[in-house]
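In this note's numbering, the protein residues as written are 10 to 113. No residue lacks a Cβ here, since even glycine has one placed at the ideal position from N, Cα and C. This report refers to the structure that appears directly beneath it.
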Ligand SMILES: [Ca+2]
Ligand SMILES: [Ca+2]
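Below is the structure:
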């Protein structure tokens, strides 16, 4: 998106705002040197059904309280990608309930 001063911002996410990798690339181009920044975006579609539903919320909720290193921790059910499954992750899914994610 241009800011009116010749700078631009691109988000290259391979066509999806939410993807399996939980990371996306932002390119900031000031007209001189483009700079790429890797960012993490939440992925509320934890079962990759391309819809965010109560099923996703249940899959996250059942593992709430687990973290990296715990036997039941599952990174696919950690929408924030911070290594802990907690209320924040449930809130991310809840905030996106009903969202449909287009096919790539
Ligand atoms: Ca889903
Ligand atoms: Ca988390």
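Collapsed DSSP secondary structure at residue i in the structure displayed
i           : result
residue 103 : helix
residue 44  : strand
residue 69  : helix
residue 76  : strand
residue 59  : coil
residue 98  : helix
Best match in the options for proximity to residue i [C-alpha to C-alpha]
i           : options         : result
residue 92  : 67, 47, 106, 74 : 74
residue 100 : 112, 38, 86     : 86
residue 47  : 54, 53, 41, 36  : 36
residue 67  : 78, 53, 38      : 53
residue 102 : 51, 84, 82, 72  : 51
Sub-8 angstroms separation of residue i and residue j beta-carbons
i          : j           : result
residue 76 : residue 110 : no
residue 42 : residue 55  : no
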